[in-house]
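Reviewing the structure listed below.
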Amino acid sequence: MNLKPIKTALISVFDKDGIDVIVRELDKNNVKILSTGGTKTFIETLGVKVTAVEELTGYPSILGGRVKTLHPIVFGGILGRRNNNNDIEQIKEMNIPEIDLVIVDLYPFEKTVASSDKEAEIIEKIDIGGISLIRAAAKNYQDVVIVPSKDYYADILKLITENNAKTSLNDRKFFAKAAFNVSSYYDTVIYSYFSDDDMESLKFSSNNGMELRYGENPHQKGKFFGDFNKLFDQLHGKQISYNNLLDISSAVDLISEFDELTVAILKHTNACGLSSRSTLLQAWTDALAGDPLSAFGGIIITNTKVDLETAKSINKIFYEVIIAPEYEHDALEELKSKKNRIVLVKKGNIEHRLQVRTILNGILAQQKDTKIVTKDDFNFVTVRKPDQREIEDLIFANKIVKNSKSNSIVLVNNKQLVGSGVGETSRVDALKHAIEKAHSFKLNLNGAVMSSDAFFPFADSVEMAYKEGIKAVIQPGGSIKDKDSINFCDENKMAMVFTGFRHFKH
5 MNLKPIKTAL ISVFDKDGID VIVRELDKNN VKILSTGGTK TFIETLGVKV
55 TAVEELTGYP SILGGRVKTL HPIVFGGILG RRNNNNDIEQ IKEMNIPEID
105 LVIVDLYPFE KTVASSDKEA EIIEKIDIGG ISLIRAAAKN YQDVVIVPSK
155 DYYADILKLI TENNAKTSLN DRKFFAKAAF NVSSYYDTVI YSYFSDDDME
205 SLKFSSNNGM ELRYGENPHQ KGKFFGDFNK LFDQLHGKQI SYNNLLDISS
255 AVDLISEFDE LTVAILKHTN ACGLSSRSTL LQAWTDALAG DPLSAFGGII
305 ITNTKVDLET AKSINKIFYE VIIAPEYEHD ALEELKSKKN RIVLVKKGNI
355 EHRLQVRTIL NGILAQQKDT KIVTKDDFNF VTVRKPDQRE IEDLIFANKI
405 VKNSKSNSIV LVNNKQLVGS GVGETSRVDA LKHAIEKAHS FKLNLNGAVM
455 SSDAFFPFAD SVEMAYKEGI KAVIQPGGSI KDKDSINFCD ENKMAMVFTG
505 FRHFKH
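Here the sequence shown is numbered in this note's numbering, starting from 5 and rising by one per residue.
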């Protein structure tokens, strides 16, 4: 293995934590150290000889520290190719020292965005010199080692101590790859700050993927790129799976629609039980009654603290995940009685307003469907207008259908999901499935309401609903045969409202 010695190192770091050990090891190996600003001052406190970059270039740091290392002598020393005769001649002619190691820790732009709303402070944390040093050193990995962040201090320290400050080409390639990973992520964070999800272009970068048990199926590898711990605390249970995350995401989207005390049960991203009540135990009981069969192995979410009485009732069935903002101590102990059960505390809100998915040889992007239909959106198209209870149930049902796979029909009675047909290839089949479910669990459809994610192309769906005792319907409207459905409702004293908002979900 052909090892290349490190003779000169340039160090410019924002966070000094951990750099002292590396500096001392470099000094032991007689490596000349160049630095500037606060980093130079810190190295001097260690009793290690350090040469100021300003001394090397003959130019002082200017513009309040905005320009320190941006100089041809510095970048010539990094970018000069040691096997290129023209480069070697120019370096000698201009008295440019060869720089073999560059260590950088960038200004904390992402942390500043998270902690400050002052634009001037945020902009000042856009690193210019540091990111330029990273890219230059990574480009010339044939001759130069780049340490792009403190996350790689342990790696370079190992090489210095074990190889007497010498590196192989594979070592330098490893660090170059890390450098472009760091720089691309840094630039993506800055772009995201300015873009506001405007879809002019799509950029996403994540350095810390969360390992999953597997992908959608055991033979597929899976990883989550995001900050799960920002949104949740996992109090108990096994490692999160790919399918768990899909269900958790759907559950959070669904529960966010409801202000009243609500419990939802989901299976394969669709609600199979949901109820809003004055007490958690009653909300849980009525949510489970909506489809106790599908609830097996599903996930449960609520928007209120879980008490012991409800926890004991929940514990009577098998489920994968439970999510709540808080748990009573005894309730938590009850829920933790099953070793693998995942218990989560939801602590953050989902901020993204952009949805993406991979298809073919590209990516589809769209704004998230954040529309919550209210009475103000209603277009009362029938002679009979829905009464107050029906209006509340119609809004309730529309929130569920919006979060269900298309084609979808949702039946609700007194703020309880009593039947649903989701992911069907026809709207009639979706309704048939919803009615069949309600009958199989002996749920009352008399006086219930029906919600559809898209318009009814024919009157057959409202005819079927009427025969089951359903009295009110909510749909987007927009079919050329809307009048057929309206006429049937008028003839049979049903109420129907159009919202003007379709809620397809594929």
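Even glycine gets a Cβ: it sits at the ideal position worked out from N, Cα and C.
Residue i burial status per 10 Å Cβ neighbour count (16 or more: buried)
i           : result
residue 370 : exposed
residue 105 : buried
residue 383 : exposed
residue 211 : exposed
residue 176 : buried
residue 507 : buried
residue 440 : exposed
residue 360 : exposed
residue 492 : buried
residue 517 : The structure shown does not extend to residue 517, since the chain is modelled only from 5 to 510, so the question has no answer here.
residue 324 : buried
residue 479 : buried
residue 452 : buried
residue 160 : buried
residue 208 : exposed
residue 354 : exposed
residue 271 : buried
residue 262 : buried
residue 407 : buried
residue 120 : exposed
residue 457 : buried
residue 124 : exposed
residue 248 : buried
residue 254 : buried
residue 367 : exposed
residue 67  : exposed
residue 500 : buried
residue 39  : buried
residue 49  : exposed
residue 127 : exposed
residue 98  : exposed
residue 245 : buried
residue 455 : buried
residue 424 : buried
residue 291 : buried
residue 386 : buried
residue 363 : exposed
Chain-order list of residues whose beta-carbon lies under 8 Å from that of residue i (same chain, five-residue window excluded)
i           : result
residue 7   : 167, 170, 171, 172
residue 317 : 285, 288, 289
residue 510 : 409, 410
residue 341 : 319
residue 243 : 215, 216, 217
Cutoff 7 Å; reference residue i; Cβ partners in own chain excluding five residues on either side
i           : result
residue 150 : 106, 138, 141, 142, 179, 180, 183
residue 234 : 352
residue 460 : 431, 466, 479, 483, 489
residue 109 : 17, 18, 19, 153, 154
residue 81  : 100, 101, 102, 103
Same chain, Cβ closer than 6 Å to residue i, neighbours up to 5 away in sequence not counted
i           : result
residue 411 : 428, 431, 434
residue 95  : 84
residue 345 : 241
residue 497 : 388
residue 11  : 104
residue 463 : 488, 489, 492
residue 238 : 348
Bridge partners - residue i, DSSP secondary structure assignment
i           : result
residue 476 : 453, 499
residue 215 : 227
residue 277 : 269
residue 12  : 36
residue 383 : 502
residue 238 : 348
residue 304 : 269, 326
residue 310 : 331
residue 17  : 109
Pairs of beta-carbons, one from the segment 445–462 and one from the segment 410–424, closer than 8 Å: are there three or more?
yes
Do the segment 400–410 and the segment 274–293 touch if we need at least three Cβ pairs shorter than 8 Å?
yes
Go through the segment 400–467 residue by residue and report every complete run of the beta strand (DSSP E) that reaches 3 residues or more, in order.
413–416, 421–425, 453–456
Quick one: complete alpha helix (DSSP H) runs, 4+ long, within the segment 100–174?
113–119, 123–128, 133–143, 157–166
Pair every Cβ in the segment 324–340 with every Cβ in the segment 220–233, then say whether three or more of these pairs are closer than 8 Å.
no
Any contact of the segment 44–58 with the segment 111–119, i.e. 3+ C-beta pairs under 8 Å?
The answer is no - the segment 111–119 does not touch the segment 44–58, with fewer than three Cβ pairs under 8 Å.
At a cut of 8 Å, does the segment 13–24 reach the segment 146–165 through at least three beta carbon pairs?
yes
Would you call the segment 386–399 in contact with the segment 294–305, where contact means no fewer than 3 C-beta pairs closer than 8 Å?
no
Report the residue ranges of all beta strand (DSSP E) runs contained in full by the segment 30–112; include only those spanning at least 3 residues, in chain order.
Counting whole runs of 3 or more residues, the segment 30–112 contains the beta strand (DSSP E) stretches 36–39, 105–109.
Whole runs of the beta strand (DSSP E) within the segment 313–371, excluding any shorter than 3 residues
Runs found: 325–328, 346–350, 358–363, 366–371.
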